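Undergrad:
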Amino acid sequence: MNGPHRLRVAVTLLAVAFAALAVRLVQLQVVDRQGFADRAARQRLHVEALPARPGEIVDRNGRLLAVSVTAPSLYVVPNAIDDAEGFAARISEAIGSDGERLAADLRRNQDKSFLWVRRRLSESQAEAIRSLDLPRGTWGFRDEFLRHYPQGVVAAHVLGLRDVDGIGRGGVEQRYDELLRGRAGKRVTLRDARGRVVDVRHELTELPAAGRTIVLAIDAVVQLFAEQELDALMAKHAPQGACVVVIDVESSDLLAVASRPTFDPNEPSVAVPDAWTNRAVTAVYEPGSTFKPLVVAWAIDAGVLRADEMIDCERGVYRVGRRILHDHHGYDQLSVTEVLVKSSNIGMAKIGERLGVAELHRCVTAFGFGRLTGTSLPGEEAGVVRPLRLWNDYSLGSVPMGHEIAVTPLQLIAAHAALANRGRLVSPRLVLKDVDADFVGSEATNIGDDRPPQVKSQVTSPESSQWVVGEAMAEVVRRGTGKAASLKEFTVFGKTGTAQKFDVESGRFSHDRHVVSFIAGAPAHHPKVLVLVMADEPTGPEQAGGTVAAPTAAAVLRRTLLYLGVPYDTSLPLATRSDGIAR
Amino acid sequence: MSRDAQLFVCVATVLVAIGAVMAHSASMTSRPTEKDEIHLGHHAMYLGVGLVAAIAAAVMPPHFWRRAAPWLFAGTILLLVAVLVPGLGTTVNGARRWLRFGSFSIQPTEIAKLTLPLMLCKLIVARRDRLGEWIQGTAPILWPAGIVLPLVLLEPDLGTTLFLASGAALLLFLAGWPLRNFVLVAGIAVPALLAIVLVQPYQLRRLTGFVAVWTDPAAAPYQVRQALITLGSGGLHGTGLGQGWQKLSFLPEASTDFVFAVVGEELGLIGTLGLVASWVGVFVLGLRVLKDIEQSSFAFLSGITLLFQLVGQAVVNMAVVTALLPPKGIALPLISYGGSNLVVSLAAIGVILSMSRAAETETL
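Read top to bottom, the protein sequences are chains A and B. So for the first sequence, this note's numbering puts the first residue at 365; every next one is plus one. So for the second sequence, this note's numbering puts the first residue at 426; every next one is plus one.
1. Straight-line CA distance for Arg552(B) to Phe400(A)?
2. Check each candidate in Val517(B), Thr681(B) and Gly657(B) and name the one with the smallest Cα separation from Ala748(B).
3. The alpha helix (DSSP H) with Arg734(B) in it runs from where to where?
4. Can the beta-carbon of Met712(A) be found closer than 8 Å to that of Pro657(A)?
5. If you measure between the beta carbons of Glu508(A) and Ser437(A), is that distance less than 8 Å?
6. What does the alpha-carbon distance come out to for the pair His949(A) and Asp798(A)?
7. Between the beta-carbon of Gln608(A) and the beta-carbon of Ala599(A), is there less than 8 Å?
8. Determine the direct distance from the alpha carbon of Leu541(B) to that of Ala594(B), and round the result to whole angstroms.
9. Under 7 Å Cβ-Cβ, which residues of chain B neighbour Lys390(A)?
10. On the DSSP letters alone, give me the boundaries of the beta strand (DSSP E) that Val895(A) sits inside.
11. Which residue wins for smallest C-alpha separation from Gly460(A), given the options Tyr649(A), Ser432(A), Ala444(A) and Ile493(A)?
12. Whose Cβ in chain B lies nearer than 8 Å to the Cβ of Leu385(A)?
13. Quick one: list the residues of chain A neighbouring Ser674(B), beta-carbon separation under 8 Å, in chain order.
14. If contacts are defined as beta-carbon pairs under 8 Å, then Asn443(A) and Ser477(A) qualify, I think. What distance do you get, rounded to the angstrom?
15. For Asp507(A), list the residues DSSP reports as bridge partners.
16. On the DSSP bridge assignment, give the partners of Cys546(B) in chain order.
17. From Phe433(B) to Gly699(B), what distance separates their C-alpha atoms?
18. Taking a Cβ distance cut-off of 8 Å, strictly less, list which residues of the segment 705-725 of chain B are near chain A, in chain order.
19. Compute the distance between the beta-carbons of Thr351(A) and Ala520(A), then report whether it is under 8 Å.
20. Could you have a look at Gln671(B) and say whether DSSP puts it in helix, strand or coil?
21. In angstroms, rounded to a whole number, what distance separates the CA positions of Ala430(A) and Glu449(A)?
22. Please classify Leu771(B) as buried or exposed, where buried requires at least 16 neighbouring CB atoms within 10 angstroms.
23. Any residues in the segment 399-419 of chain A with a beta carbon nearer than 9 Å to a beta carbon of chain B? Which ones, in chain order?
24. Count the other C-beta atoms from every protein chain shown that fall within 10 angstroms of the C-beta of Lys460(B), then say buried if there are 16 or more, exposed otherwise.
25. Give the single residue among Lys550(A), Val895(A) and Thr903(A) whose Cα lies nearest to the Cα of Ala886(A).
26. Would you report the Cα separation of Glu835(A) and Arg511(A), rounded to the nearest angstrom?
27. What residues from the segment 498-528 of chain A come within 8 Å of chain B, judged by C-beta to C-beta, listed N to C?
28. What is the rounded straight-line gap between the Cα of Leu485(A) and the Cα of Gln538(A)?
29. Contact between the segment 727-734 of chain B and the segment 588-607 of chain B: three or more CB pairs below 8 Å?
30. Spatial neighbours of His725(A) within its chain, please: C-beta separation below 7 Å, excluding the five flanking residues on both sides.
31. So if DSSP puts Pro511(B) in a beta bridge, which residue, or which two residues, is it bridged to?
32. Name the chain A residues that come within less than 8 Å of Gly660(B), Cβ to Cβ?
33. Just to confirm the assignment, what range does the beta strand (DSSP E) spanning Asp349(A) have?
34. Does Gly737(B) come within less than 8 Å of chain A when only Cβ atoms are used?
35. Only counting the same chain, and skipping five residues up and downstream in sequence, which positions put a Cβ closer than 7 Å to that of Pro632(A)?
36. Suppose you measure from the CA of Pro931(A) to the CA of Val721(A); what does that come to, to the nearest Å?
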């Protein structure tokens, strides 16, 4: 009988199996434990970003230009929805969207547990969704930050916008995105395999740090004036585009930067493609006659020109090298003031010949042309100033009247601000500082750290600068090409400009496309504010800076000066008005 | 009852108690609802039925089982056929294994685990002297297996078929079936088995997945991976009863076939080795309870076969959970949540106790 023997074999086999099991358990639970524990932790720990509230953008007086509010974003759980068509139809009716498309999205994602339907709903849309009484677990709201621009189109190009994913696009939103965005926090949650939160690991939570508030140099009221007058110009002359820049002469603070066509940052989807261009910093054009006063001041300082001398304007025809220059009207002898008032090209060419190319080139670069102004707005152009070795006699007859170089409106107004500021160039400033969300600690400014310091240099002497501004340019408005810019409350100084456009792509100046501009400031004896109006290819019968741009510049200037409370000066005796220096 | 029998019952009771606690713990969800309570209630219901069955089985005299074996076997065949009838059997995941009566369901294959060995024992004992012969000795005793195994395979339930076949083989082995016959049968059965595995893609996947666990754990099937993570992360002491994470939907079948992994996470190595030790206890005490019976008797053969089957199923389940064996739907007796297996396991303990009294009465 082999019964007992066989039983022993069977028992032994089972004993071996038990032993193997015990060894395996020790291996899994002691030797390899850490690896398994890590994997278990990984599959149940979830790191969830806590979005930081983006900082606000305010004007120099704290007026809100961009602010973030929370808005409910609607999501659905496709795998919990039975009737995709009916579901989509009800939601679409409530928020006014394409039901067919939503139904298709639902079907395509039917094994997913999360799908955005519409981000950042309005309160009425959210209420409409709530009142649908959809089945629990099939939908929900998640709060997201919605960027809101309470002033609408005002300063749109300066601000730029924050897109659906919270990334700054264009303007200050892009330039200072890092500061504005803040730092997202995180929350670590424990979840079951279905993704349901079971516990929160508070000790691992990092709170989000709200973005910094950016204080602009812009004054929203002046900006509004600029926007309104610009709209009027657009309606009247229908140019391709136009821009207005208003600058505080002493500080070079940009009080307004407006550009057309424009967009409403609250409704970016309806904007025309060209609307994103901020012409104040991206339009590159020949400044034309607006450039002349700068050369005159430089020539006086260089000792090649006296403010009271007469220049022979050759009766309207003058040969410079191989080239013959013409004036609109022929003049004999013109004072320097008259050269500017009549905008004589021959007079300017003679001044240019006296300076020579080297001195002329120094003049151009000293006023800041050919390089960025320092506002660091996205897309800013440096303009075109060819190197000195490429300049020749031809340049003597073109640069003094604002040809052969190309500038941006911002560069031009900054240079004129230097002239108006007794020859002292201060690089224009768009952003004053950044402060924390509660608007305290206003001196703690990171912007100062990552922005080049403001350039401050004496470009021309106070005397010559004041004479050009207070005497010659004031006369341009009083009786010259800028008459349309005169105001009854203030003595305005200014200069017209009508020039050919520089085509960046072909590298040439266009002959049939004109840019008309006007630079105006007041009061002439002690300039406070400077306004530049530029219109790109006006289409109406009026094609000159004095008729298209000057009235707009005057209107913006007047409203700004009145708003700033600058005292009237036209009633003052002439002597105190223009304490111009004649050498 | 002898001291060994008392201890045997005690250890089994401890396992049943652990089972009730673990079945409840493993069925917890992250959002407790009444459903969790229903789980425990369900388990208690099966437990109640099982205890009644166990006591009833234990009080029966051993010869009752010998007489009743054909009737029980016939009933099992009826149920096995019924489960294959469309409309009667309930299909889950492509396999038709359950007969459902309201919230109560019966898995006829589980009952076969009890009735097939009894039937085979009855036949073997009657022809013990002619086991060496094929026509006279082997065919007349093996025909019940020839009916049951194909029926189970048809459901399809390869795992249980193998399990039942192993039980029958063990019985033949202990009864003294010639060793050369085992070699012969193995020569036929192994290729046949391979053919079945290779024909059914999902069976093949199970096997390749099992091989993958040893070579590349990351490529292992989700269930095996999760079982190992669950066991391993428990460490020496475990996370504490009811505090395991893996059962929150990470580990499939946490309360049924993979409840051992939950024991590993919540009670640690202490818990798992304790459970293994308890099963060793059941086995050793079971052997002692049956040791005085005449080894060629119906009582001894059926008692020892049921004991081996019960403990063997526990070992197979724990080996599957620890990835020592390929994945296979098999419950951990007495511990896994509810079902026919709990009732039949308890009944088997009752039958073993009943058989143990054969030594005292010497009627067989």
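The beta carbon of each residue, even a glycine, is placed where N, CA and C say it ideally should be. These numbers were taken from a predicted model, which means no experiment stands behind them.
TA: Straight from the coordinates:
1. Straight-line spacing of the CA atoms in Arg552(B) and Phe400(A) works out to 54 Å.
2. Gly657(B)
3. Note on residue identity: the sequence assigns Gln, not Arg, to residue 734(B). Taken as a continuous stretch (DSSP letters only), the alpha helix (DSSP H) holding Gln734(B) covers Phe723 to Val746.
4. Contact: no.
5. yes
6. Given a span of 365 to 947 for chain A in the structure shown, any question on residue 949(A) remains unanswerable.
7. The sequence given here places Val at residue 608(A); Gln does not occur at that position. The answer is no: Cβ separation not under 8 Å.
8. 12 Å
9. The residue you asked about is not Lys; residue 390(A) is Val in the sequence shown. Those within 7 Å of Val390(A) in chain B are Leu694.
10. Val893 to Asp900
11. Ile493(A)
12. Val701, Val740, Met743, Ala744, Thr747 and Leu749
13. Asp556, Ala557 and Arg558
14. 5 Å
15. Beta bridge pairing from DSSP links Asp507(A) with Pro436(A).
16. In DSSP, Cys546(B) forms no bridge with anything.
17. 16 Å
18. The residues in question are Val705, Phe708, Leu712, Gln720 and Ser721.
19. Since the displayed chain A opens at 365 and closes at 947, residue 351(A) lies outside it and no answer follows.
20. coil
21. 39 Å
22. buried
23. Gly399, Phe400, Ala401, Asp402, Arg403, Ala404, Ala405, Gln407 and Arg408
24. exposed
25. Val895(A)
26. 48 Å
27. none
28. Roughly 24 Å between the two C-alpha positions.
29. Taking 8 Å as the limit for Cβ pairs, the verdict is that the segment 588-607 of chain B does touch the segment 727-734 of chain B.
30. For His725(A), where only same-chain residues beyond five positions count, the Cβ hits under 7 Å are Leu752 and Trp755.
31. Partner(s): Gly514(B).
32. Proximity of chain A to Gly660(B) at the Cβ level (cut-off 8 Å) is accounted for by Gln393, Val394, Arg397 and Ala401, in chain order.
33. Because chain A in this structure spans residues 365 to 947, residue 349(A) falls outside the shown range and cannot be described.
34. Interface residue, yes.
35. Leu525.
36. 42 Å
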